[in-house]
Structures are given as C-alpha cells and as structure tokens.
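Residue numbers (my numbering), protein chains in the order written: chain A, 80 to 192; chain B, 12 to 126.
Pasting the structure below:
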C-alpha cells in the first residue's frame, strides 16, 4: 500500500499564483522527498527534508514537515507554465528488514497562462 | 553526464514473447530499482538490488525477473508478457537509499504495450 497520500489529486491555477500540495503519511520516517514528473517522463528529485527539519527551501520551492501530524507540504511560489507536471512525495519504509522508497499517488498541477 | 539510461523508450509486443528492458547507470550507484506506473495506482516497485548479485522482490514482482551481474546494469525481463503488464516502466538508481541524504535518479521510462 502507498505510504504517502497527496492532496489535492489535481490542481489548476493561473501563472504567477502560488501552488500548495500536501502529503500525508502513516508511519515514522527518516526523511521525506518530493519529486516532479513531466507527462510520461522520468521522475526528477526536487528536495529532501529530514525528520528533524521543519522547513526547507530550494529556489521557488518551499517544503514543510510536521512529524506530529505526519504531513508535509510543497509550496511553489510565482508559478510558471513550465511547472505544469505531477508532483509526488516519497518516504522510506522499513519493510521486512529492507528500506523501500514508497511513493504517493501524486498531485497533477496545471499552470494556466 | 550522470544519467540512467533505459531502452527501448517504446515497445509493443504480443502475449508470450519474451522481452528485456535494459537499464544502465553511469554514477557507480549501489542501488537500482524497477517501478511500474499505472493510472490510479501510482508507482509500484517491482524489484530492487542493493548491490551486484543481490536482488529482492518489491511490491509487484510476479511475472518479472531481474539480474545484477554488473554494477551499472539492471535489466528487467518479462519471460512471458501478458496484457496486464502493459504499463510505463521506470528504472532508478541511488548510491545508497538507506542513507538519509540519498535521492533516486530515474530513467526516462519505457512504455510497454502487450497485445
């Protein structure tokens, strides 16, 4: 079963607006990662936030992590048409003695010009 | 350029005809993995490998085989493909996914259609 669940499943905004996507997870984590996927292409790593971090920035991206609520959010500021993509959160789970990276279902973001 | 290379990009085949999707990385990564992506189901792990000659099942291994004879290559083998294996496949690698600073590098994907 998927560890992370993104919300919303789809988001459509105007260029220049901010986009916020949320991810909830069920078990304790060491870190949480966010990836972007352009249509039909491979996933690209965006940012990793550790369990002892509360916020992290990378360019126009801001990620927060609330371990008490088991949730994370990805904020994209001043959105651009090129930000149109699907965004996935991912966490490592210890399953039967092995670490596995488990992805959520993703949020499909559309930036309208 | 650091990359994960998958081939082919598109593949159409018929039920029962054995096929191999190749994956190669040039980053000297220990860890490699295969995922399939289906609408509504997200990415699901098929097999992974922590090192040469070490492979383990992921969440959906049935109908697939892998091998890791060399560090850089991790081919995915479908011995007898069936239509339910029609999917978008991704290979990924990482130096060590058990570390807190590691991320996955993904290939561009292979769109497989089994008729």
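Glycine included, each C-beta is placed from N, C-alpha and C at the ideal position. Quantities reported herein were computed from a predicted structural model and do not represent experimental measurements.
{"query": "According to DSSP, is residue 96 of chain B helix, strand or coil?", "result": "helix"}
{"query": "To the nearest angstrom, report how far apart residue 58 of chain B and residue 74 of chain B are at their CA atoms.", "result": "11 Å"}
{"query": "Buried or exposed: where does residue 170 of chain A fall if 16 or more other Cβ atoms within 10 Å of its Cβ makes it buried?", "result": "buried"}
{"query": "What are the residues that DSSP puts in a beta bridge with residue 100 of chain A?", "result": "A:153"}
{"query": "Please report whether the beta-carbon of residue 121 of chain A lies at a distance below 8 Å from any beta-carbon of chain E.", "result": "The displayed structure is made up of protein chains A and B, and chain E is not among them."}
{"query": "Between the alpha carbons of residue 159 of chain A and residue 88 of chain A, how many angstroms are there, rounded?", "result": "19 Å"}
{"query": "Is there a Cβ of chain A sitting closer than 8 Å to that of residue 53 of chain B, yes or no?", "result": "yes"}
{"query": "Excluding the 5 residues preceding and the 5 following residue 150 of chain A in the sequence, name in chain order all residues of the same chain whose CB lies nearer than 7 Å to its CB.", "result": "101, 102, 103"}
{"query": "By Cβ distance below 6 Å, which residues in the same chain neighbour residue 162 of chain A in space, the five residues on each side in sequence not counted?", "result": "155, 190"}
{"query": "Quick one: list the residues of chain B neighbouring residue 95 of chain A, beta-carbon separation under 9 Å, in chain order.", "result": "Within chain B, no residue comes near residue 95 of chain A; the closest Cβ sits about 29 Å away, beyond 9 Å."}
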